[in-house]
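As numbered in full-length UniProt numbering, the sequence shown has no gaps in its residue numbers, which increase by one up to the final residue, 718.
Ideal Cβ placement from N, Cα and C applies to all residues, glycine included.
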Amino acid sequence: MDEHLRQPYEGQLIKFTNVVKGWQARWFILNPEIGTLEYYLSESDKHERARGSIQLAGAVISPSDEDSYTFTVSPAAGESYKLRATDTKDRQMWLNRLRVVAEMHTRAIAHNHPPLAPREHRTPGNNNAGNSHQVASAPPMGLAVLDAFTQVAEVLEEARRQHSALVTAIEDMPSYGTGMRCTEPNLLLLKATSQATLLCLDQCLGVLRTQHMSAPHHQPSPPVTSINTRLGSPSLHSSSPSLRVRTAPHSPTPGTTQGISAIPPSSLTGQPPAPLTSSALGDVLDITGNSRSSSITSVTPTSTPTPPLLQSSRAGASENSSEISDEDGPDGDGELGEVGDGQRSIIMHIISQLRLGMDLTRVTLPTFILERRSLLEMFADFLGHPDYFVRIGDAKTPEERIQQVVKWYLTSIHVGRNGSVAKKPYNPIIGEVFHCSWRIPRDSNTSSENTEASDGKPAEGKKSSYITIKFSAEQVSHHPPVSAFYFECPEKQLSINAHIWTKSKFMGMSVGVNLVGDITLVIGNVQESYSLAMPSAYARSILTEPWVELGGRVNISSPETGCQAVIVFHTKPFYGGKLHRVTAEVKNAAGLTLTRVQGEWDSVLEFNYANGVQENIDVNDIPMVCVKRLRPIAQQAPNESRRLWLDVSVALARGDVETATSHKRALEEMQRKEERERAARNAAFPTQLFSSPSTDHWVYNHLPSYAFTSCPVTTQSQ
């Protein structure tokens, strides 16, 4: 690296800030020695602690095609940073320096795992003392395997040289004039895509080499005849983040893992999979991995496609005497586990048609990654521990209430996540609905399932032995995919009105999903409302064993009381760090800190209160006092989630991916057909449970009076 590039570089850039949804000037300092890009509020604050720091090792720096001033820094872990320079020349200066520093530190990492030397230069006795221990502990490699690794490394090295030549050729072009310029959007995109591809391939080779070196000694190496032959199925060893499996205490014991054997014939014969279709399968990767029982055996599945959606469903509450507990269904989904060779070839084919930062909303994902529940049901599972939710209504002061809101929020995130592998729920069909309820026993020592009368109602003159929470959800839009849902506890006058739509982004070896929308919690007896949000989700290691982490900043605030909380979900940094770390701070209206929280959202949370009291909560040890209740599938309307997706769920339960794919396509084609018919009539879809008083919000049609007067959404629409 040139000497002048080793010197720190600083200047002002405009940073896009999600907190205020706009651009703000920040002072940035690039430190080439440690490979970081730090930013401060202003130049005068640069001697104080930085407001943020970006690790450039493994980062991708790419210009934006929006204009000639904007560019993006995408670190190996965490969210991308959108920056804007003062002019084209300034942007190119930052791009050149950032790329050089990122490449230098990325190569420094590669020095710890150097590629194999050519075979003709290797001898059995040429190992030096420095690596003798490593060689002695490694399993023996056949010549075919060594040749394969060497050939792949040589091909990658040639690709690096070609990439360097490409970068040099582009940067040598003039930056102005009438001919081809170095700032052409297509050229800049080509450079960024080339660099990202090389980084992904390097990581893949490193994973393969590591897995082969850690394989048991007694297992012979498979024969490898060429670099086109698969180099084996890497199985993640115990240090893999995805192997941190924690079973929720209320979940049924998982059955035997279902092997995915019914992969498309094309992948078995070596032919490439079918090209991507325009089917608008959703882009949400499940951030919970839950595999609750589906009660799919109560109705015999049919071999015919589901009939057109019927516009009939329960418009009101989901409490019904015909509802039964959801804990008696069959075992949940088996773990997807390690991605098999056939499945990996399908994923590789999909990835080959994507580019860095591409929106995945309209990309059809393979059926074998689906779990047997709809996205609407996933939102219901995010209620978490309903007993923690109803305690919000029992709090006496605004400070106690926001503390209880934060405690419920943090202890609920883990509930839906029963498995370690990233799975994808069904993308709801427009008009699809889901209803359920919970019965929380007033006496925590008594189960809500055996304290009710035979008809599900309390005896005359007696108070019910349980507190009821009702849930209703509906898919109200297809493009963009918007899901609206509503919680209500009538006795405590608690309600949540929300709508969420998903934005996904391809990030090379991972997929990022942002859950965008509004979530409003209303406490009717004190006329308070709280605005909430959901963190972003990241599916990592999509070519090996996918695992999920959460990231981003979540603000919880009440305009009536002035209390607020900030929750930060930390993604694992490139070097060191812990998985699933979360921190939070709760403040009152005067700005005084009430509570500080730290820990891991899937294990132990430490609450430190202002009065010196400390409370540790292990979310896996919280007792589940009740489970959600649903009507049997035979009594559900045709457009209710479990009945609508019944054939797909049954096929997935027995590992028949081809049949599941066929039924899923039938549902998608039915949706497209009805959408074409509505377009021909110039008619909007008639939603059942939710309406949109404005263009940006969806409100439950049966809001109680206390929620209607307190909910900011309805207040703005009046």
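- Judged by their CB atoms, Ser175 and Gln92 are nearer to each other than the 8 Å cut-off.
- Looking only at Ser472, Leu166, Phe607, the smallest Cα-Cα distance to Phe690 is reached by Ser472.
- DSSP, read as helix, strand or coil, puts Asp65 in coil.
- For His702, the closest alpha carbon among the candidates Thr561, Lys664, Ser495 is that of Ser495.
- Within the DSSP secondary-structure output, Tyr466 pairs in a beta bridge with Pro441.
- Closest by C-alpha distance to Pro704, out of Val522, Leu550, Ala680, is Val522.
- Here Glu38 is buried. Its C-beta has 16 or more other C-beta atoms within 10 Å.
- Look at Ser510 here: in three-state DSSP terms it is coil, with no helix or strand label.
- Each residue's CA atom was taken as its position, placing Gln404 and Arg391 some 7 Å apart.
- Only residues of its own chain outside the window of five on either side were considered, and among them Asp647, Val648 have a CB closer than 6 Å to the CB of His663, listed in chain order.
- A residue is called buried once 16 or more other Cβ atoms fall within 10 Å of its Cβ, and Gly384 is buried on that count.
- Remark: C-beta atoms of Ile617 and Thr411 approach each other more closely than 8 Å.
- The alpha carbon of Pro573 has as its nearest neighbour, out of Glu528, Gln24, Thr36, the alpha carbon of Thr36.
- In terms of CA proximity to Ala684, His478 leads the group Val566, Lys578, Met624, His478.
- Using a Cβ-Cβ distance cut-off of 8 Å, the stretch 57-75 and the stretch 179-199 are in contact, since at least three pairs of beta carbons, one from each stretch, lie closer than that value.
- CA-to-CA, the gap between Met358 and Gly512 works out to about 10 Å.
- Taking C-beta separations shorter than 6 Å and ignoring five residues to either side along the sequence, Gln7 has no partners in its chain.
- With contacts defined by Cβ atoms closer than 8 Å, Ser483 and Gln475 form a contacting pair.
- Closest by C-alpha distance to Arg49, out of Tyr40, Tyr530, Leu356, is Tyr40.
- By the neighbour-count criterion, in which a residue is buried when 16 or more other Cβ atoms sit within 10 angstroms of its Cβ, Gly577 is exposed.
- The shortest C-alpha to C-alpha distance from Cys489 to any of Pro386, Asp621, Trp547 is the one to Pro386.
- For Trp547, the uninterrupted beta strand (DSSP E) segment begins and ends at 547-557.
- Inter-segment contact for the stretch 193-211 and the stretch 499-510 is present: three or more beta-carbon pairs are separated by less than 8 Å.
- Under the three-state reduction of DSSP output, Gly655 falls in the coil class, being neither helix nor strand.
- Restricting attention to Ile34, Gly431, Arg372, the CA atom closest to the CA of Asp656 is found in Arg372.
- The three-state secondary structure of Glu600, taken from DSSP, is strand.
- For Phe569, the enclosing beta strand (DSSP E) covers residues 564-570.
- Look at the beta carbons and you see the stretch 72-84 not touching the stretch 515-535: under three pairs across the two are nearer than 8 Å.
- Taking the Cα positions, Pro75 is about 38 Å away from Gln671.
- In its chain, beyond the 5 residues on either side, Arg553, Asn555, Ala584, Glu585 have a beta carbon closer than 7 Å to the beta carbon of Val566.
- Per DSSP, Asp381 lies in no beta strand (DSSP E) segment; the continuous alpha helix (DSSP H) that holds it begins and ends at 375-381.
- One alpha carbon belongs to Glu171, the other to Arg181, and they sit about 9 Å apart.
- Residue range 482-489 is occupied by the beta strand (DSSP E) that includes Val482, with no alpha helix (DSSP H) assigned at that position.
- Contact annotation, Tyr9 with Arg97: C-beta distance approximately 5 Å; criterion of less than 8 Å satisfied.
- Collapsing the DSSP output to three states places Asn31 in a strand.
- In the structure shown, Ala498 adopts extended strand secondary structure according to DSSP, grouped into three states.
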